[in-house]
Amino acid sequence: MIEIVGLRKMLNGRWVLDGVDLDIHEGTSLVIMGPSGTGKSVLLKHIVGLFDPDEGDICVEGMSVPRANGKQIQEIRSKISYVFQNSALFDSMTAAQNIQLGLSAEHCRLVSAMSDPLVLEAVSLVNLGPEVLHLLPAELSGGMQKRVAIARAIVGKQKYILYDEPTTGLDPVNAKVINQLIARVQRETGSTSVIVTHDVESAFFLGDRLALLKDGTVKASGTPDELRHSKDPVVQDFLHPTLEEETIGG
652 MIEIVGLRKM
662 LNGRWVLDGV
672 DLDIHEGTSL
682 VIMGPSGTGK
692 SVLLKHIVGL
702 FDPDEGDICV
712 EGMSVPRANG
722 KQIQEIRSKI
732 SYVFQNSALF
742 DSMTAAQNIQ
752 LGLSAEHCRL
762 VSAMSDPLVL
772 EAVSLVNLGP
782 EVLHLLPAEL
792 SGGMQKRVAI
802 ARAIVGKQKY
812 ILYDEPTTGL
822 DPVNAKVINQ
832 LIARVQRETG
842 STSVIVTHDV
852 ESAFFLGDRL
862 ALLKDGTVKA
872 SGTPDELRHS
882 KDPVVQDFLH
892 PTLEEETIGG
């Protein structure tokens with residue numbers, strides 16, 4: 652379980668996070684949604700200790716991330732994998748080598764990336780064939796790069812997977828494919844997913860629970876059905892364009 656309590660963070664003289672409280676239960680998917688620039692990615696980076704809070708705490712299975720020493724932060728991070736918004740693949744490494752980075756350095760020294768059974772298993776789970784393993788990131792489409800990034804996140808079988816805007820920059824067809832892939836990964840691995848997105852359609856497809864972040868705080872949280880039928884004007888203002896399009900379309 653991941654617990655976020657009273658989290659506050661100031662950047663450039665502004666409270667980007669201003670008292671965030673969230674519980675993330677094992678085996679579930681939580682989508683943190685909201686307009687661009689509301690601190691969603693900053694919140695995600697606090698979970699793995701890439702940012703230190705000004706106030707509040709983040710606990711992963713009872714261990715405080717901000718208060719962790721070097722050994723403890725390594726233990727915390729060993730439980731978590733991270734899919735960056737821009738995929739963050741290394742240009743000079745093949746797809747196989749990029750995926751293998753999700754495993755320990757000792758493992759990488761002992762096993763060739765091209766024939767690594769864990770790499771092959773991860774590639775299969777993200778619906779890529781072994782023929783992509785020798786390709787460099789520049790030889791992959793945006794959607795394929797995202798799949799390789801997800802394969803890297805799942806190859807080590809971590810309990811928690813954090814996704815930072817996983818469909819950003821993708822066309823609607825590839826965005827739908829990535830959303831279906833994220834749902835499949837959680838279903839087949841039993842991992843806990845924390846997904847940041849500004850896309851309402853993705854949020855409602857992926858989330859067991861949703862949290863709407865605005866002005867540095869969680870304005871509303873609940874199941875997709877609860878938020879869809881919420882009368883809270885803040886929720887409706889965020890959802891209205893998509894709900895209107897759904898009504899017109901169907």
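No gaps in the numbering here: position 61 of the sequence shown is 712 in the numbering used here, and each next residue is one more.
Idealized CB from N, CA, C, for every residue including glycine.
Source: prediction; values computed, not measured.
Annotated three-state conformation of M652 is coil, per DSSP. Inter-residue distance for P717 and K696 is about 12 Å (C-alpha atoms, whole angstroms). DSSP places T840 in the uninterrupted alpha helix (DSSP H) bounded by 823–840. Taking the CA atoms as reference points, T848 sits about 35 Å from S763. Going by beta carbons, V682 and I805 fall outside the 8 Å limit. DSSP places A871 within a strand segment (E or B) once states are collapsed to three.
Straight-line spacing of the CA atoms in Q725 and Y733 works out to 14 Å. L832 is not a Cβ neighbour of V783, given a cutoff of 8 Å. Put simply, of S755, P704, E790, F702 the residue whose alpha carbon is nearest the alpha carbon of F741 is E790. Within the same chain, T745, A746 come within 8 Å of L786 by CB-CB distance, once the 5 residues on both sides are set aside. Residue environment analysis places T874 among the exposed positions, since fewer than 16 neighbouring C-beta atoms fall within 10 angstroms of its C-beta. Comparing alpha carbon positions, the residue from M765, K810, R835, E654 closest to R798 is R835.
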